[in-house]
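Novice:
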Amino acid sequence: MKIAIITGASSGMGKEFVKQIASSEVLDEIWVIARREDRLNEMRQEISPKVRPVALDLLKKDSIHAIKQLLEEEKPEVKILVNSAGFGKYGTYRDLSDDEIDNMVDLNCKTLIHMTYACLPYMKEKDRIIMLGSSSAFQPLPEFNLYASTKVFVVHFSRALNIELKNRGISVTSVCPGYVRTEFFDVAKDTKNPDTCKNFKPMYEPEDVIKKALKDSVKGKDMSVLGLHVKLLRLTSKLLPHSFIMKSWMKVK
């Protein structure tokens, strides 16, 4: 049995990955993982009968164990793994609760590692891993510090893992979008200081970001970047001092 596994699948980027993978890939099942079981069941009706809801809260330690157990029972080939689960919060150290800090690090980083390592024994040559990074990983971002820092980890982890898996023929692509029109901002601005960041331009559409991400993953690229603005941001973050970039960010955020 050949499958795709997509975390954070109930909304936003994760849901768009489900839509496009269902329409473009020849698979037996698409395992969609998220907390909201009702939304996952709706996706089976809306998108494809191949969608298999797996309702789990990945912040709970026993969820990864449940995934490992399911993989051991089914013994599928994981053709595509998409680690899309994650969230961000705007604000400084004064604005984040202990739970928000722990959950952001755990979901964006630790869960991504454990999901990846759980699936690797079930992957073969030409199978692909897609990690949801962010253009915020290109430079330090005051007042969006913790989220951006978790995405630095995602990008570095993904690119190094891509090299480690070369001998197995498995590719790892880190997707680094700019601002994308999803529910992300509703969560990100729900803090003690919701006015920390206001300038969300340019705004990209999730279908365009995911379309390019899937193409880049097929090509074996270790990073997928959509849009001239984001590409310029990546370039300037390499060429200009980060102190200058951070000062500019504080003026336009």
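Okay, so the sequence shown: first residue is 6 according to this note's numbering, each after it adds one. The C-beta atom is built at its ideal place from N, Cα and C for all residues, glycine as well.
#1: What's the call for residue 253, buried or exposed, on a 16-neighbour Cβ count within 10 Å?
#2: Residue range of the beta strand (DSSP E) that residue 176 falls in?
#3: Using a Cβ distance threshold of 8 angstroms, determine whether the segment 234–254 contacts the segment 49–63, with at least three qualifying pairs required.
#4: What does the alpha-carbon distance come out to for the pair residue 106 and residue 151?
#5: What does a CB cutoff of less than 7 angstroms around residue 218 pick up in its chain, not counting 5 residues either side in sequence?
#6: Please determine, among 95, 66, 142 and 147, the residue with the shortest C-alpha to C-alpha distance to residue 156.
#7: Tell me which residues share the same chain as residue 213 and place their Cβ nearer than 7 angstroms to its Cβ, disregarding the 5 neighbours each side in the sequence.
#8: Mind checking which residues open and close the beta strand (DSSP E) that includes residue 57?
#9: As an exercise, report each continuous alpha helix (DSSP H) stretch of at least 4 residues that is fully enclosed by the segment 88–139, in chain order.
#10: Secondary structure at residue 230, three-state DSSP: helix, strand or coil?
#11: Using the three-state DSSP reduction, which class does residue 84 fall into: helix, strand or coil?
#12: Is it right to say residue 223 is buried, meaning 16 or more other beta carbons lie within 10 angstroms of its own, or is it exposed?
#13: Identify whether residue 208 lies in helix, strand or coil by the three-state DSSP scheme.
#14: Take every Cβ of the segment 8–18, pair it with every Cβ of the segment 32–47, and state whether three or more of those distances are shorter than 8 angstroms.
#15: What's the C-alpha gap between residue 169 and residue 132?
#16: In this structure, does DSSP put residue 12 in helix, strand or coil?
#17: Which residue's Cα is closest to the Cα of residue 248: 161, 147 and 77?
#18: What would DSSP say about residue 7, mapped onto helix, strand or coil?
#19: Please state whether DSSP places residue 34 in a helix, a strand or coil.
#20: Are residue 88 and residue 137 touching if we call contact CB-CB under 8 angstroms?
Specialist: With the structure as the only source:
#1: exposed
#2: Note, residue 176: beta strand (DSSP E), 176–180.
#3: These segments do not touch.
#4: Distance between the alpha carbons of residue 106 and residue 151: 8 angstroms.
#5: Around residue 218: 135, 178, 180 and 229.
#6: Each of 95, 66, 142 and 147 was checked against the Cα of residue 156, and the nearest Cα belongs to 142.
#7: 231
#8: Taken as a continuous stretch (DSSP letters only), the beta strand (DSSP E) holding residue 57 covers 56–60.
#9: Counting only runs of 4 or more, we get 103–110 and 116–124.
#10: coil
#11: strand
#12: exposed
#13: strand
#14: yes
#15: Residue 169 and residue 132 have their C-alpha atoms some 14 angstroms from each other.
#16: strand
#17: 147
#18: Three-state result, residue 7: strand.
#19: strand
#20: yes
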